[in-house]
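**Q**
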Amino acid sequence: MAETLGREAGGRNRIEDLERPQLDDRAYRIITLPNQLEVLLIHEAGTDKASAALDVNVGSFSDAPDMPGIAHAVEHLLFMGTEKYPEENAYNQYLTRHGGYSNAFTASTSTNYYFELSYPSSSPKSSQAATPEASQVNLSESKEDSPLWGGLDRFGQFFISPLFLEDTVDRELKAVDSENKKNLQNDTWRMHQLDKALANPDHPYNHFSTGSYKTLHDEPIARGVKIRDEFIKFHSTHYSANRMKLVVLGRESLDTLETWVEDIFSKVPNKDLGKNRWDMPVYTEKELLTQTFARPVLQSRSLQIQFAYRDEEKFYESHPSRYLSHLLGHEGPGSILAHIKAKGWANGLGAGGSTLCPGSGLFTVNIKLTEEGLKNYKEVTKLVFQYIGLMCDQPPQEWVVEEQMRISEVEFRFKQKSPPSRTASGLAGIMQRPYERKMLLSGPATIKKFDSELIREALSYLRPDNFRMTIISQDFPGGWDQKEKWYGTEHKVERIPDDFLAEIKQAFESKSRPAELHFPHKNEFIPTRLNVEKKEVDQPTKEPKLIRHDDNVRVWWKKDDQFWVPKANVHIYFRTPITNVTARITLLCTLYRELVNDALVEYAYDADISGLVYDFTNHISGLSITVSGYNDKLHVLLEKVLLQVRDLKVSEDRFNIIHDRMLRSLRNWEYGQPFHQVGTYSRQFKTEKAVMNEELLPELENVTAQDVQQFFPQILAQCQIEVLAHGNLYKEEALKITDLVERTMKPRRLPADQVPTRRGLLWPSGCNFIYEKQLKDPENVNHCIEYSLYAGHRYDSVLRAKLLLLGQMTDEPCFNQLRTIEQLGYVVFSGSSFHDIWSGYRILIQSEKDCRYLEGRIENFLNTFEKTLNEMSEDDFESHKQAMINKRLAKLKNLSSEDNRFWNHIYSDSYDFLQADIDAATLENLTKKDMVDFYGRYISTSSPHRSKLSVHLQAQSKAKEPSLEEKKTAAAAALKIILTEHKITSNEEAFQTRIKDASSIQGISDAVASHLTEDLKVEKEVASKVLDEAKAALGVADSGLPATPTSLDASADVKSVVDASHPVLITDVHAWKAGMQVSTGVRPVRNLEDFVEVAEKL
């Protein structure tokens, strides 16, 4: 008889005995509602955050062939209002008030929606672990007292009664279009779509999944399709309760959560739809045995070998493809990568299987090639098949799987908590898979058994007659004769030549193979010492102790007192002033870092797959080494890394490969997403020292292997050492690790006056600067602006609290105005901004619209929000304040999050370990008047004192101008939304009469103005505001900038051109920085002696 998994109550089976990590104190329950919606309830006593996620078994594979992207569009539209909560931003407003957020994504076979919010920090919190009693109803758990109930009720309506309002459809389709355009020059998206486009045209993998305005609006309308009806039809056809999996995580009892979920989600209609499945080959004979040469945007070279594979979801106990990926993707001695790397042909290799959908899968080997590797791609391909032949010749190795089982069991046993939204979203997706329900947590993570037959069957797919290959290069072979339909990727497809195929088959079948190819050796890094001495404490310690503090060495240590995992983190910081003196030295340090990491790949790989990793990096004030993971063999890996850092031998061959890789990386950076670039340009105006990309590229040509070999010993010859040892380590172990560092590196003392100090630039009061730069990529259509306002010193706790609260208050209205209503672009971000000593506020937008126009819209928002702040009720103000306090007091979820907090404050030189608590206490005392005064001085566009600088990254390419008729349609839709926002009753018929004869964009504006004042009788002041917002939605509002801002040349005195009302262009960054006042350096917030404490051995 099968083991009983749950208990029956009220006719419902409740599954509660899930396999879970050793330290997991949550209580779980799986139920199925009467409408067949399956739910996982998670009770976490005392959690400060709640979350829910719902995964629907429908995604882009279900798109209508003539409306690609419809699943993605429906995902967007569900956020735009429901019958019960018709305001389109009601959901996000509610979450923002409770310190939360939401998101969603559309995958091939699923659409996943989730949210997270905070409980009030003043609410009672249970400190007890989950027990059988945790499932009982707590009579004090009322809906009114829990923010989770309100979130669930709003969330649930997405799946019960979404509105698909006509006036939101056009705007959200533009958001989808903007999202698509954001990806057009991204090689990851381009190559993925090319791979799909060259697959079996009858398989849904072949489709274009993101969608665009053209596929979802223009083309359907041209066919006479009523697009809103199609979105409603898609939701009605595919969204069914029996295809949904819901996860809810909260502090309420399981019974309370169950009651709430049943109250809300039982109303989701059940259409008894079958589970989606596609039993057809991804590649047919036509697509197999082809080689595609594809030209990327960035300078990259790779070889991708893809095998038609099977759907492995039902093999979750043995995960046979992981045997294949482990051996083919290994990086240690005997591996494919080690061999081709030794030949100078490759920099990296990855391998793995993936289930595309129920019914089909792929197995992929992806190799990052060097220039020589590209020339020898055929030899590389044959080596891959030689290794596959080696795997086929030997029976599946049980010892290999046993190692994988041990590693996976340890990882799962000591798995720590993830943020609630990640937990909920991930588990909702996992519930769509056929795991035995008691293995819902363990199934994806662990390998339960060795199944030789399933491994043999898996290997049978990796044949010379069942693959295709893609060679990616900007230069080789040339003659690309096709362009992919959606992204325009240049490529050429041809059958693999018969003679090459014969060589591949020979390599696969031959018993004669290079001696360098063999199975990996036994992994000595699998941890065996997993004991943790647990000593309960009343409250976890919030600061590490300073256990050594002398002239040249500081050692910080904290023995873990709350997570109880056999893991540790050791950071070693070598402070020196010479790593960032010039662009050349920065390059030498970066090449040194890359060469060290390259030399350690083979040795460190076993540690990596066993849960022990290292990081070696350079930065503006020195070098750092971090080793993190299971503490059992941490010292072994650390010693090897230290020796490699000290004794690196720079070979000419590897230097040339690393040099080439860095050259391509620097060039590629300039072709990256504009919103990824803009922060780097902005930071150069905030910090005293900054080496920019354009300074590094010219220097790279003149750096040699000998230069690196001669230079790097100078970095470590004289430096200050700072160590953080944190986790499952005793004080004596922390000191021994420090002794190892000193004994190995033997640095001379760095005089105190040479220790690097971080300084910022103090922007003048009343300044208004603009820095403009044209983007390199001629095909990119997106501009980007980062609009920054300087406030003062980062470690002024009152100022910092005001900036944090401002970010909280503007988050939702900024996004709603600039993205949702004005549709400026897919990427819109606002919030407080901190860099070293600098603190301020910023708004970032990536858009097809010009940066000067975007600047005007940002200033319009800031003006509007000033009024919002002045009129904000005390209740709303207190809600925002509490939400920010909750964020600052959010509980640390795992050892890594605590470690990151400690190390960031050590690395920053501030040692401000209690910053979050200080911020919360400071926020508690802020009043609305404090914020109004702060805004009036530092943020308001009318303030003569505010300090502003914006970075404008301008695209070379110009977006297609909408037709006049399209602008009329947009005007009608925008006006309706804006009138609703102002609670003014619209008259669409009267407006259409006004607008039909408009012959220009000015005519449209005039029609709007006449409609407001003459048809709707709106007061003049209100009409002016509505007209401005309507113009903004059309992209015709005044930019707020003069056509030609004043230019600041090298000879100008910065202070002489300061004028808050008139922008000044920065044309010479060096001259501008030379005219800036420099701040004091970052200093410890407390005397370091305060941290010194003789600690009793725990």
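331 is the number that this note's numbering gives to position 331 of the sequence shown; each next residue is one higher, with no gaps. We put the beta carbon where it would ideally sit given N, CA and C, even for glycine.
#1: Tell me the DSSP secondary structure of residue 719 in three-state form.
#2: Is residue 571 helix, strand or coil by DSSP?
#3: Tell me which residues share the same chain as residue 374 and place their Cβ nearer than 7 Å to its Cβ, disregarding the 5 neighbours each side in the sequence.
#4: Does the Cβ-Cβ distance between residue 895 and residue 560 come in under 9 Å?
#5: Distance, Cα to Cα, residue 781 vs residue 800?
#6: Taking C-beta to C-beta, are residue 720 and residue 468 nearer than 9 Å?
#7: Residues in the same chain with beta-carbon distance under 7 Å from residue 480, minus the five sequence neighbours each way, listed in chain order, please.
#8: Within its chain, find whatever has a CB closer than 8 Å to the CB of residue 1099; leave out the 5 residues flanking it on each side and keep chain order.
#9: According to DSSP, is residue 178 part of a helix, a strand, or is it coil?
#10: Pull up the distance between the alpha-carbon of residue 303 and that of residue 166, whole angstroms please.
#11: What is the residue span of the beta strand (DSSP E) that residue 666 lies within?
#12: Is the segment 737-753 close to the segment 626-644, with three or more CB pairs under 8 Å?
#13: Near residue 672, what residues of its chain come up, given a Cβ to Cβ distance below 6 Å and the 5 sequence neighbours on each side ignored?
#14: Assuming contact is defined by CB atoms lying nearer than 9 Å, are residue 654 and residue 595 in contact in what I supplied?
#15: Determine the burial state of residue 582: buried for a count of at least 16 other Cβ atoms within 10 Å of its Cβ, exposed for fewer.
#16: Going by alpha carbons, who is nearest to residue 745 out of 779, 647, 662, 290?
#17: Using a Cβ-Cβ cutoff of less than 6 Å, which residues in the same chain neighbour residue 1023 once the five nearest sequence positions on both sides are dropped?
#18: Should residue 514 go down as buried or exposed, given a rule of 16 or more other Cβ atoms within 10 Å for buried?
#19: To which residues does DSSP link residue 1120 through a beta bridge?
#20: How many Å lie between residue 916 and residue 432 at the Cα?
#21: So, residue 770 versus residue 862, is the Cβ gap smaller than 9 Å?
#22: Given a cut-off of 9 Å, decide if residue 347 and residue 381 are closer than it, judged by their beta-carbon atoms.
#23: Buried or exposed, going by whether 16 or more other CB atoms sit within 10 Å of the CB of residue 768?
#24: Taking all protein chains shown into account, decide if residue 312 is buried (16 or more other Cβ within 10 angstroms of its Cβ) or exposed.
#25: What residue does the alpha helix (DSSP H) around residue 304 start on, and which one ends it?
#26: Assuming contact is defined by CB atoms lying nearer than 9 Å, are residue 261 and residue 31 in contact in what I supplied?
#27: Taking the Cβ atom as the reference point for each residue, do residue 640 and residue 600 lie within a distance shorter than 9 Å?
#28: Are the CB atoms of residue 83 and residue 102 within a distance shorter than 9 Å?
#29: In the DSSP assignment, what are the bridge partners of residue 33?
#30: Are the CB atoms of residue 889 and residue 145 within a distance shorter than 9 Å?
#31: Which residues in the same chain as residue 642 place their Cβ atom closer than 6 Å to its Cβ, once the five residues preceding and following it in sequence are excluded?
#32: Leaving out five residues on either side along the sequence, give the residues of the same chain with a beta carbon under 7 Å from the beta carbon of residue 1074.
#33: Given this structure, state the Cα-to-Cα distance separating residue 1004 from residue 998, to the nearest angstrom.
#34: Between which residues of its own chain and residue 675 is the CB-CB distance below 7 Å, once the five residues before and five after are set aside?
#35: Looking at the secondary structure, which residues open and close the beta strand (DSSP E) in which residue 41 lies?
#36: Tell me the DSSP secondary structure of residue 456 in three-state form.
**A** With the structure as the only source:
#1: Judged by DSSP in its simplified three-state form, residue 719 adopts coil rather than helix or strand.
#2: Here residue 571 sits in strand by DSSP.
#3: Scanning its chain for C-beta atoms nearer than 7 Å, with the 5 sequence neighbours on each side dropped, one finds around residue 374 the residues 301, 473, 476, in chain order.
#4: Contact: yes.
#5: Taking the CA atoms as reference points, residue 781 sits about 36 Å from residue 800.
#6: It is not a contact, given that the beta carbons lie outside the stated cut-off.
#7: Taken in chain order, the residues that qualify are 293, 295, 490, 491, 492.
#8: Nothing about residue 1099 can be reported from this structure: the residues present for the chain run from 1 to 1098 only.
#9: Helix at residue 178.
#10: Within the model, the alpha-carbon separation for residue 303 versus residue 166 is close to 47 Å.
#11: From DSSP, residue 666 is part of no beta strand (DSSP E) but of the alpha helix (DSSP H) over 652-669.
#12: The segment 737-753 vs the segment 626-644: in contact.
#13: Excluding positions up to five away in sequence, the list is empty.
#14: Yes, they are a contact pair.
#15: Its Cβ having fewer than 16 others within 10 Å, residue 582 is exposed.
#16: Residue 745 has its Cα closest to that of 647, out of 779, 647, 662, 290.
#17: So the list reads 1012, 1013, once near-sequence residues are dropped.
#18: Burial is judged here by how many other beta carbons sit within 10 angstroms of a residue's own beta carbon; residue 514 has fewer than 16 and is exposed.
#19: Nothing about residue 1120 can be read from this structure; the chain reaches only from 1 to 1098.
#20: Cα to Cα, the separation comes out at about 39 Å.
#21: It is not a contact, given that the beta carbons lie outside the stated cut-off.
#22: No, they are not a contact pair.
#23: Taking a 10 Å sphere around the C-beta of residue 768, we find 16 or more other C-beta atoms and assign the residue as buried.
#24: Burial call: buried.
#25: Unbroken run through residue 304 is the beta strand (DSSP E), 302-309; no alpha helix (DSSP H).
#26: Yes. Within cutoff.
#27: Less than 9 Å separates the beta-carbon of residue 640 from that of residue 600.
#28: With respect to the 9 Å criterion, residue 102 and residue 83 are not classified as neighbours on the basis of their beta carbons.
#29: Looking at the DSSP output, residue 33 shares a beta bridge with no other residue.
#30: When the beta-carbon positions are compared, residue 145 and residue 889 stay at least 9 Å from each other.
#31: Take residue 642, set aside five residues on each side of it, and the residues of its chain with a beta-carbon closer than 6 Å to its own are 744, in chain order.
#32: Residues of the same chain with a CB within less than 7 Å of the CB of residue 1074, apart from the 5 flanking positions on each side, do not exist.
#33: Each residue's CA atom was taken as its position, placing residue 1004 and residue 998 some 6 Å apart.
#34: Closer than 7 Å at the Cβ level, and outside the excluded window around residue 675, lie 784, 827, 844, 846.
#35: First-last of the beta strand (DSSP E) with residue 41: 38-43.
#36: In the structure shown, residue 456 sits in a helix (DSSP, three-state: H, G or I).
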